[in-house]
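**Student:**
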Amino acid sequence: IWPEGVPIPEENTARVVGRLTRKPLTVEVTGGHKKAIFTLAVSRTYHSEGRVKQQKAFVPVVAWRALAAQVETLGKDSAVLVEGRLRTWSDPKGKNFRWEVEAEVLEVLERRESPSDERAPKQEEAATA
(Lines of atoms letter the chains of each structure in order from A and count residues from 1; the text may use other names and numbers.)
(Lines give C-alpha, C1' and ligand atoms only; values in the text may rest on other atoms or scores of the structure.)
Protein backbone atom coordinates (compact mmCIF):
# COMPACT_ATOMS: atom_id res chain seq x y z
CA ILE A 1 0.00 0.00 0.00
CA TRP A 2 1.34 3.37 -1.01
CA PRO A 3 1.15 6.23 1.47
CA GLU A 4 -1.20 9.00 0.43
CA GLY A 5 0.47 11.62 -1.76
CA VAL A 6 3.32 9.29 -2.83
CA PRO A 7 3.23 8.77 -6.59
CA ILE A 8 2.74 5.17 -7.68
CA PRO A 9 5.58 4.16 -9.98
CA GLU A 10 4.41 3.29 -13.48
CA GLU A 11 6.13 0.92 -15.82
CA ASN A 12 5.41 0.08 -19.43
CA THR A 13 7.31 -3.08 -20.28
CA ALA A 14 6.31 -6.25 -22.10
CA ARG A 15 8.16 -9.52 -22.59
CA VAL A 16 6.76 -12.02 -25.05
CA VAL A 17 8.10 -15.33 -26.34
CA GLY A 18 6.21 -16.82 -29.26
CA ARG A 19 6.21 -17.93 -32.88
CA LEU A 20 5.65 -15.79 -35.95
CA THR A 21 2.25 -16.33 -37.54
CA ARG A 22 3.73 -15.44 -40.96
CA LYS A 23 6.76 -13.78 -42.55
CA PRO A 24 7.23 -10.23 -41.19
CA LEU A 25 6.16 -7.34 -43.39
CA THR A 26 9.24 -5.13 -43.80
CA VAL A 27 9.03 -1.64 -45.28
CA GLU A 28 11.44 1.23 -45.70
CA VAL A 29 10.20 4.42 -44.06
CA THR A 30 11.20 8.06 -44.32
CA GLY A 31 14.94 8.48 -43.80
CA GLY A 32 15.73 5.03 -45.17
CA HIS A 33 15.03 3.20 -41.91
CA LYS A 34 13.44 -0.24 -41.85
CA LYS A 35 10.22 -1.10 -40.05
CA ALA A 36 9.03 -4.69 -39.55
CA ILE A 37 5.51 -5.58 -38.54
CA PHE A 38 4.65 -9.10 -37.40
CA THR A 39 2.41 -11.08 -35.08
CA LEU A 40 3.51 -13.59 -32.46
CA ALA A 41 1.34 -16.52 -31.45
CA VAL A 42 1.82 -17.13 -27.73
CA SER A 43 0.47 -20.34 -26.20
CA ARG A 44 -0.68 -20.88 -22.63
CA THR A 45 -1.32 -24.35 -21.27
CA TYR A 46 -3.78 -24.81 -18.41
CA HIS A 47 -5.88 -27.52 -16.77
CA SER A 48 -9.68 -27.50 -16.82
CA GLU A 49 -12.07 -30.27 -15.86
CA GLY A 50 -9.18 -32.72 -15.59
CA ARG A 51 -7.95 -32.03 -19.12
CA VAL A 52 -4.94 -30.16 -20.42
CA LYS A 53 -6.05 -27.29 -22.64
CA GLN A 54 -4.17 -24.73 -24.67
CA GLN A 55 -5.08 -21.13 -25.37
CA LYS A 56 -3.35 -18.85 -27.88
CA ALA A 57 -2.97 -15.11 -27.82
CA PHE A 58 -1.86 -13.15 -30.88
CA VAL A 59 0.46 -10.25 -30.12
CA PRO A 60 1.18 -7.56 -32.74
CA VAL A 61 4.82 -6.35 -32.76
CA VAL A 62 6.64 -3.54 -34.54
CA ALA A 63 10.45 -3.44 -34.79
CA TRP A 64 12.62 -0.62 -36.15
CA ARG A 65 16.04 -0.29 -37.81
CA ALA A 66 18.48 -3.10 -36.84
CA LEU A 67 15.78 -5.11 -35.09
CA ALA A 68 13.65 -4.97 -38.25
CA ALA A 69 16.62 -6.21 -40.29
CA GLN A 70 17.11 -9.03 -37.78
CA VAL A 71 13.62 -10.46 -38.42
CA GLU A 72 13.41 -9.62 -42.12
CA THR A 73 14.47 -13.11 -43.29
CA LEU A 74 12.47 -15.06 -40.72
CA GLY A 75 9.58 -17.21 -41.83
CA LYS A 76 6.40 -18.52 -40.28
CA ASP A 77 6.88 -20.47 -37.03
CA SER A 78 10.24 -18.87 -36.20
CA ALA A 79 10.49 -18.47 -32.42
CA VAL A 80 11.51 -15.09 -31.01
CA LEU A 81 11.74 -13.31 -27.69
CA VAL A 82 10.66 -9.67 -27.76
CA GLU A 83 11.07 -7.14 -24.96
CA GLY A 84 9.64 -3.70 -25.41
CA ARG A 85 6.84 -1.35 -24.52
CA LEU A 86 3.12 -1.31 -25.22
CA ARG A 87 1.77 1.30 -27.61
CA THR A 88 -1.86 2.02 -28.39
CA TRP A 89 -3.50 3.67 -31.37
CA SER A 90 -7.05 4.82 -31.86
CA ASP A 91 -9.15 6.02 -34.76
CA PRO A 92 -9.74 9.78 -35.09
CA LYS A 93 -12.95 9.49 -33.05
CA GLY A 94 -11.08 7.67 -30.27
CA LYS A 95 -13.47 4.71 -30.30
CA ASN A 96 -11.53 1.84 -31.88
CA PHE A 97 -8.23 1.02 -30.22
CA ARG A 98 -5.34 -1.06 -31.46
CA TRP A 99 -2.28 -2.02 -29.46
CA GLU A 100 1.16 -3.41 -30.28
CA VAL A 101 4.49 -4.13 -28.64
CA GLU A 102 7.28 -1.85 -29.85
CA ALA A 103 10.39 -4.03 -29.72
CA GLU A 104 13.44 -2.71 -27.88
CA VAL A 105 15.19 -6.11 -27.56
CA LEU A 106 14.72 -9.00 -29.96
CA GLU A 107 16.32 -12.43 -29.83
CA VAL A 108 15.80 -15.14 -32.44
CA LEU A 109 15.36 -18.43 -30.57
CA GLU A 110 14.63 -20.70 -33.53
CA ARG A 111 15.00 -19.67 -37.14
CA ARG A 112 12.63 -20.85 -39.85
CA GLU A 113 13.41 -19.42 -43.25
CA SER A 114 10.60 -17.81 -45.19
CA PRO A 115 9.29 -19.91 -48.12
CA SER A 116 10.56 -17.39 -50.68
CA ASP A 117 14.06 -17.64 -49.15
CA GLU A 118 13.93 -21.45 -49.26
CA ARG A 119 12.96 -21.48 -52.95
CA ALA A 120 15.56 -18.98 -54.12
CA PRO A 121 18.56 -21.38 -54.28
CA LYS A 122 16.47 -24.03 -56.10
CA GLN A 123 15.43 -21.48 -58.73
CA GLU A 124 19.06 -20.45 -59.22
CA GLU A 125 20.10 -24.10 -59.60
CA ALA A 126 17.36 -24.64 -62.18
CA ALA A 127 18.49 -21.56 -64.12
CA THR A 128 22.10 -22.77 -64.32
CA ALA A 129 21.18 -26.37 -65.26
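Position in the sequence shown (first residue = 1) + 1 = the numbering used here.
Cβ atoms here follow ideal geometry from the backbone N, Cα and C, with glycine treated the same way.
Note that the structure is a prediction, hence the values are computed from the model and not measured.
Quick check: the Cα distance between glutamine 55 and threonine 46, rounded to an integer number of angstroms?
**Tutor:** For this step, residue 55 is matched to residue 54 along the sequence shown. For this step, residue 46 is matched to residue 45 along the sequence shown. The straight-line gap from Cα to Cα measures roughly 4 Å.
**Student:** Work out the CA separation of alanine 70 and valine 60 for me, nearest whole Å.
**Tutor:** Translated into the one-based positions of the sequence shown, residue 60 becomes position 59. Translated into the one-based positions of the sequence shown, residue 70 becomes position 69. If I take the Cα positions, the gap works out to 20 Å.
**Student:** Can you tell me where the beta strand (DSSP E) holding leucine 41 begins and where it ends?
**Tutor:** Along the sequence shown, one-based indexing puts residue 41 at 40. That run of the beta strand (DSSP E) goes 35–49.
**Student:** Would isoleucine 38 pass as a contact of threonine 22 if the rule is Cβ separation under 9 Å?
**Tutor:** Within the sequence shown, the letter at position 37 stands for residue 38. Within the sequence shown, the letter at position 21 stands for residue 22. Cβ distance not < 9 Å, so isoleucine 38 and threonine 22 don't count as in contact.
**Student:** In the DSSP assignment, find the unbroken beta strand (DSSP E) run with arginine 20 in it and report its ends.
**Tutor:** As a position in the sequence shown, residue 20 is number 19, starting the count at 1. Looking at the DSSP string, the run of the beta strand (DSSP E) that includes arginine 20 is 15–21.
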